[in-house]
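Sequential numbering from 34 applies to the sequence shown in the numbering used here. The beta-carbon is built from N, C-alpha and C at its ideal position, and this holds for glycine as well. Here's the structure, in structure tokens; my notes come after.
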Amino acid sequence: MVRQVKQRILQVVAFALVLAAASAGAETYAVRKGDCLSKIAVRHDLRWRKLYEANRQIIKNPDLIFPGQILTIPTSTTIVAKTAVAEKHQAVIADEYTPLNDLGQHAFGQKRDGIKAIKMFSLPQEVKQLFIVKVQKGEFEFSSLKSAIRSGDKFSEMVFGNYKITKNKIASWDVGHLEPARLYQVEFEGLIYSLYDPLKCRNLAWRAEKPKKRLLILLIPPPVEPLSPAVQPPPPLPPEQPITEPEEKVCCRPDVDISVGAFADIHQSGNNPHGFWGVGNFYLCSIKDGDKIHSFGVTVEGNYWSGITGDDYNYFGRRYAIGPTYRLLSPNTEFQFRVGMGEVDDWGFIDPNEFGRYKSDQTSKIITAYTGYEKSRTGSPWFNRMRYYASMDYDINQNKTDKWMDRETGTWPLDGEASDKTMFSAGIDGSVYKLNETVSLAGGASVTHYKEGSMTGLRVSPGVDFYGSGNLIGGARINPTYWSTSDHSVGLGGFIDLTNLAKHLLKKKAKSQPPKK
């Protein structure tokens, strides 16, 4: 302990002596009218950024300097002082590492924003911007052992839990054990900065180190006599511009979103319908606009149902529609609007008896419309996903035939009145409380009106949602419904998002495979 204290005292004294020498030998300059940093830097054979870095205490904006300000002109002594500061800082950090036993403890998690974590690190602003560009473009190393975290690796900072930052961690586990991670690297002002994104927990961490020295053999050509007339020196370079994130080129990418589901209801009247449905959104073009994505495409949707009424009427039905769709995605929201045209077909019969058989068939042309808005949030298990929606089927034409087939006298048309298949619905659905990363308590409520029979129903839908890789992959609901016709019902429904399920299975397969050497 005494020895360490003595070493610290000697380091501080040496550091103070270097700073004093730097201060004594530093050259100064008084700003005059019409001066700017680039002009002053050219006069002293410097780059304007070096001049700006040496005077950050008095210059807040490099584009604004004022007559009378006294600037420090950096010299070789000043550079030595800065190098001493960096080496002293690294020496202090090297004595303060604490062990990191398990990357899975207090995981940062897949759903939290890695870009936000990078902005919270105490990195130089230029390095943050370079890392953000690489993360957004997916420019990382993964296939080599260089991207793995080994026992003994040291990190200056790490994010864990709910955006908490810890400093000076050292990996402490069995020798030979590797943790696969995405590795992003940038070089800035003579240092190599490495950003690790572990696949197990996403606890992003960074460290900086000097590049390894390389031996270069240079062939020095013989001196060349200057040409006549003398070559003029090149004009001074303009001031360097701050590093900004490049704008992504507009490009068209396809996308797809397919969901399927099934239902079964029991009515007081004995009418027990059941069936299944499916919706496929095929986005032919998705255009990125900053943090938003605009998608345009086609939606195909369909339903099929069947059942038996209380008076032994066997009925069947199918509905389908196709039309254009638009989707707007942002980091936490999704908006969709679609319209379409299609048909609703109904047919049925009463089982033959001693007198004959009844048969009915109707086809309706419909116009459909749907709009939905979904919002998600992180940081709280309560109401982390909510969806608001409204839909309509508008019947524009009906064609019905029904007849009685008498056993003795033949077939008799009945000319029954056609039913209007117009329907309106609006509701809300979402994850009410997330129990863990996989299961969430869910629920919803909706109001539906059918013009056929002038029926209006109020439905509540408690149930559960299932998640994989941070995305909704399915759910189940119990559907008690109060109908204005007193034919109240209770049912069971379920759905699967086939697109999100496929993404989850692919990610799970990728994680199970070790990185290639």
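Exposed or buried, F528, counting other C-beta atoms within 10 Å across all chains shown (16 or more means buried)?
-> buried
Going by the CB atoms, is the gap between L232 and Y217 shorter than 8 angstroms?
-> no
Roughly how many angstroms separate the alpha carbons of F221 and G496, rounded to a whole number?
-> Whole-angstrom Cα-Cα distance: 53 angstroms.
Start-to-end residues for the alpha helix (DSSP H) that takes in N305 | Segment: none, N305 is in no alpha helix (DSSP H) and carries neither H nor E.
Does DSSP classify G496 as helix, strand or coil?
-> Strand.
May I ask you to verify whether the segment 419 to 429 touches the segment 393 to 405, counting CB pairs closer than 8 angstroms and requiring at least 3?
-> yes
Counting Cβ pairs closer than 8 angstroms, one from the segment 496 to 506 and one from the segment 186 to 193, do we hit at least three?
-> In the pairwise beta carbon analysis, the segment 496 to 506 is classified as not touching the segment 186 to 193: fewer than three pairs are separated by under 8 angstroms.
Alpha-carbon to alpha-carbon, T455 and T489 = 12 angstroms
Who are the Cβ neighbours of D288 in its own chain at under 7 angstroms, not counting the five residues just before and after it?
-> Y316, S319 and S328
Beta-carbon contacts of K115 that lie in its chain and below 6 angstroms, excluding the five residues immediately before and after | Unreliable placement is indicated for K115, whose pLDDT of 47 sits below 50; the coordinate value is still reported in the next sentence. Around K115: no qualifying Cβ.
Going by beta carbon distance, what residues of the same chain come within less than 6 angstroms of V372, once the five residues before and after it are set aside?
-> G356 and A402
What are the boundary residues of the alpha helix (DSSP H) that G147 is part of?
-> G147 to M153
Length of the line joining the Cα atoms of E189 and T532 = The question names Glu, but residue 189 is Ser in the sequence shown. Roughly 39 angstroms between the two C-alpha positions.
Classify W516 as buried or exposed, calling it buried when 16 or more other Cβ atoms lie within 10 Å of its own Cβ.
-> buried
Using only alpha-carbon positions, find the residue among T404, K161, R410 and C285 that is nearest to A241.
-> K161
Quick one: what's R215 bridged to in DSSP?
-> D230
Own chain residues within Cβ distance below 7 angstroms of E281, not counting five before or after | Low confidence applies to E281: its pLDDT is 45, below 50, so where it sits in the model is not reliable enough to give any reading.
Given G101, which residues of its chain have a CB within under 8 angstroms of its CB, disregarding the five upstream and five downstream residues?
-> Cβ neighbours of G101 within its own chain (closer than 8 angstroms, five residues either side excluded): A63 and V64.
Secondary structure of Q143, DSSP reduced to three states = coil
Residues near K544 by beta carbon distance below 8 angstroms, same chain, minus five either side | L232
Is DSSP giving K436 helix, strand or coil here?
-> strand
What span of residues does the alpha helix (DSSP H) with F164 cover, start to end?
-> Q158 to K170
Count the C-beta pairs between the segment 162 to 169 and the segment 134 to 154 that are closer than 8 angstroms, then say yes if the count reaches three, no if not.
-> yes
At which residue ranges does the segment 57 to 104 contain complete beta strand (DSSP E) runs of 3 or more residues, listed in the order of the chain?
-> 60 to 63
Span of the alpha helix (DSSP H) around A181 = Neither: A181 is in no alpha helix (DSSP H) and is coded neither H nor E.
Local Cβ density within 10 Å of I106, reported as buried at 16 or more and exposed below that | buried
One or two residues paired with L361 in a DSSP bridge | H327 and F368
Give me the Cα-Cα distance between F175 and L211, rounded to the nearest whole angstrom.
-> Rounded to the nearest whole angstrom, the C-alpha separation of F175 and L211 is 13 angstroms.
Does any C-beta atom of chain D lie closer than 8 angstroms to the C-beta of E159?
-> The structure shown contains no chain D; it is built from a single protein chain.
Residue range of the alpha helix (DSSP H) that includes L538 | Here the alpha helix (DSSP H) through L538 covers L531 to S545.
Express the C-alpha separation of Y406 and F370 in angstroms, rounding to a whole number.
-> Approximately 9 angstroms, taken between the alpha carbons.
Near the ligand GDP: R235 beta-carbon under 7 angstroms from a heavy atom | As presented, the structure is devoid of all ligands, the ligand GDP included, so that no description of it is given.
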